[in-house]
Every structure is written in C-alpha cells, then in structure tokens.
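Have a look at the structure below before the remarks.
Numbering (full-length UniProt numbering), first residue to last: 1 to 184.
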C-alpha cells in the first residue's frame with residue numbers, strides 16, 4: 001500500500017509538472033502571438049506612412065502642375081500643357097506601381113514568415129507529442145516492472161510461508177524412510 005501511495009504520489013507530481021510545462025508553453029505561445037501582432041501593427045503603420053507620403057507627393061505634384069498650367073495658360077501653349085498632364089499621369093502610375101509592388105513584396109514576406117512560424121509550431125507540437133508518448137511508454141514500463149516485482153515479492157512471501165509451515169510439521173513415516181523402493 002505504501003508503494004502504491006508512492007506510485008500515485010509520483011504520478012500526481014508528474015501530472016503537475018506536465019500541467020506547469022503546458023502552462024509555460026501557452027505563455028510562450030501567447031508572447032509569440034503578441035510579437036506577431038506587434039509586427040502587424042508596425043507594418044500597418046509603415047504602410048500608412050507610405051500612403052501619407054504618396055498623398056503629400058501627389059499634392060505637391062498637383063500644386064506644381066497648377067503653377068505650371070497657369071504659366072502655360074498665360075503662354076497659351078496647349079501642347080506643353082498636354083505633355084505635362086501625360087508626364088503627371090506617368091508619374092502617378094509609376095508611384096502607384098511602386099506602391100503596389102512594395103505592398104505585394106511585404107505581403108509575400110509576411111506570408112513566408114507565417115508559413116515558417118506555422119511549420120515551427122507544427123514541428124514543436126509533433127516533437128512534444130512524441131516526447132509525451134515516450135514518457136507514457138516509459139511510465140508504463142516502470143509500472144509493469146513494479147507490478148512484476150510486487151507479484152514476485154508476494155509469491156516469494158507465499159512460498160516462504162509455505163516452506164516454513166512444512167518444516168514445522170512433524171515428519172511422517174512416509175517421509176522418514178521410504179516404504180516403497182524406488183526403481184524396479
């Protein structure tokens with residue numbers, strides 16, 4: 001019974017350790033998730049700054065274009081005005097293309113980071129499952145060995161008691177001298 005209590009105490013202790021490790025892993029995962037969210041926020045902030053910069057550039061361009069248009073109106077040069085508008089459209093398209101390419105690049109990088117993170121999480125989960133499985137197998141081996149030792153101990157005690165009771169009984173005539181000769 002004392003051995004069983006010790007086994008149960010060890011099992012309970014191991015369960016508490018496993019729960020503590022699970023809690024710690026959950027905390028570590030939460031920290032990783034929070035860091036991921038912070039990176040997302042920083043990325044969104046950076047994109048907002050880029051949008052603001054593009055808007056500022058577009059406003060400056062439009063202001064400059066207005067000034068140029070006024071000058072061209074004064075000179076009544078329609079051809080120059082058209083060339084400026086085309087140049088402005090090309091510049092805006094180029095800025096939009098640059099912005100789009102940068103956003104796609106950042107999205108690809110973010111997706112790669114997420115995929116690597118997911119792979120690492122899956123590897124870690126698989127590793128932990130395998131470790132837990134090995135621990136359970138080892139614990140089962142220990143329990144089996146303890147049961148076998150207990151069974152052997154009980155059998156030995158039983159045999160010792162049986163032999164002691166035999167040695168205490170008075171010898172009968174059948175054991176003292178053989179009445180029946182052995183062999184033919």
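Note that the Cβ used here is the ideal one computed from N, Cα and C, for glycine as well.
Beta-carbon spacing of residue i, residue j below 8 Å
{"i": "residue 43", "j": "residue 118", "result": "no"}
{"i": "residue 103", "j": "residue 54", "result": "no"}
{"i": "residue 73", "j": "residue 84", "result": "no"}
{"i": "residue 57", "j": "residue 95", "result": "yes"}
{"i": "residue 88", "j": "residue 66", "result": "no"}
{"i": "residue 7", "j": "residue 146", "result": "yes"}
{"i": "residue 150", "j": "residue 3", "result": "yes"}
Residue closest to residue i, alpha-carbon to alpha-carbon, out of the options
{"i": "residue 93", "options": "61, 139, 39", "result": "61"}
{"i": "residue 105", "options": "86, 47, 30", "result": "47"}
{"i": "residue 59", "options": "23, 91, 144, 108", "result": "91"}
{"i": "residue 112", "options": "144, 75, 36, 160", "result": "36"}
{"i": "residue 40", "options": "129, 114, 142", "result": "114"}
{"i": "residue 10", "options": "75, 27, 142", "result": "142"}
Counted within 10 angstroms of its Cβ, other Cβ atoms place residue i as buried (16 or more) or exposed
{"i": "residue 178", "result": "Any reading at residue 178 needs caution, since the residue's pLDDT is 47, under 50, leaving its predicted position unreliable; the model's value is listed next. Classification of residue 178: exposed, given that the 10 Å Cβ count is below 16."}
{"i": "residue 17", "result": "exposed"}
Three-state secondary structure (DSSP) of residue i
{"i": "residue 183", "result": "Model confidence at residue 183 stands at a pLDDT of 47, short of 50, so the residue's coordinates are unreliable; what they give is reported in the following sentence. In this structure, residue 183 counts as coil in the three-state DSSP scheme."}
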